[in-house]
Structure formats: structure tokens, C-alpha cells
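Asker: Okay, here's the structure, questions in a sec.
Residue numbers (the numbering used here): 232 to 310.
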């Protein structure tokens, strides 16, 4: 993609923060929605990045699947 190597580390940390927020949802119900929104935005940006560099559907599909799963998570917990 042409991104610097440090970007992988930052992306991993951002995803770990989102995962930690989802785990906090075990104790604080609102945290699930916030963690889901956080990770949903990360996955949406990942989808857009894959489309921008014209990756194949096979490379883009994991981000699409996780975006869909996180959307379902947020919608079901918002109700």
C-alpha cells in the first residue's frame, strides 16, 4: 500500500484499544457500542484503503466481513 512500516504498529494499537473497550463492555454495557463504533471506523477505513489501491476482493473481504459483524454488534447492543 505504500504506507510506512510504523503504521502497522499504530493500527495494531488502535485495534487493541478497541478490543479493550469491547472487553470493558462486560462490566459497562455502553462500552460495547463505543468499542464497536471505534472498530467499525477502523474497518471502514481499511475497506476504503483496499479499494483505493485496487486490491482484489479476496484481500478486501476480511475487512468487509469484520465491518458487517461490528455493525451487527453495535445495532443489537443499541436496542
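C-beta atoms are modelled at their ideal positions from N, C-alpha and C, and glycine is treated no differently.
(1) Using only the alpha-carbon positions, how far apart do residue 272 and residue 309 sit?
(2) From residue 290 to residue 301, what distance separates their C-alpha atoms?
(3) Measure the alpha-carbon distance for residue 278 versus residue 267 and round it to whole angstroms.
(4) Start and end of the alpha helix (DSSP H) containing residue 255?
(5) Could you tell me whether the Cβ atoms of residue 256 and residue 250 are closer together than 8 angstroms?
Answerer: Concretely, from the data shown:
(1) Numbered from its first residue, the chain shown carries residue 272 at position 41. Numbered from its first residue, the chain shown carries residue 309 at position 78. Taking the straight line from one Cα to the other gives about 17 angstroms.
(2) Locating residue 290 in the chain shown gives position 59, counting from the first residue. Locating residue 301 in the chain shown gives position 70, counting from the first residue. Approximately 18 angstroms, taken between the alpha carbons.
(3) For the purposes of this step, residue 278 is taken as residue 47 along the chain shown, with counting starting at 1. For the purposes of this step, residue 267 is taken as residue 36 along the chain shown, with counting starting at 1. Taking the straight line joining both Cα atoms gives about 16 angstroms.
(4) Counting from 1 along the chain shown, the entry for residue 255 is found at position 24. 237-255 is the span of the alpha helix (DSSP H), which, as asked, contains residue 255.
(5) In the chain shown, the residue the question calls residue 256 occupies position 25. In the chain shown, the residue the question calls residue 250 occupies position 19. Not in contact: residue 256 and residue 250 (Cβ atoms no closer than 8 angstroms).
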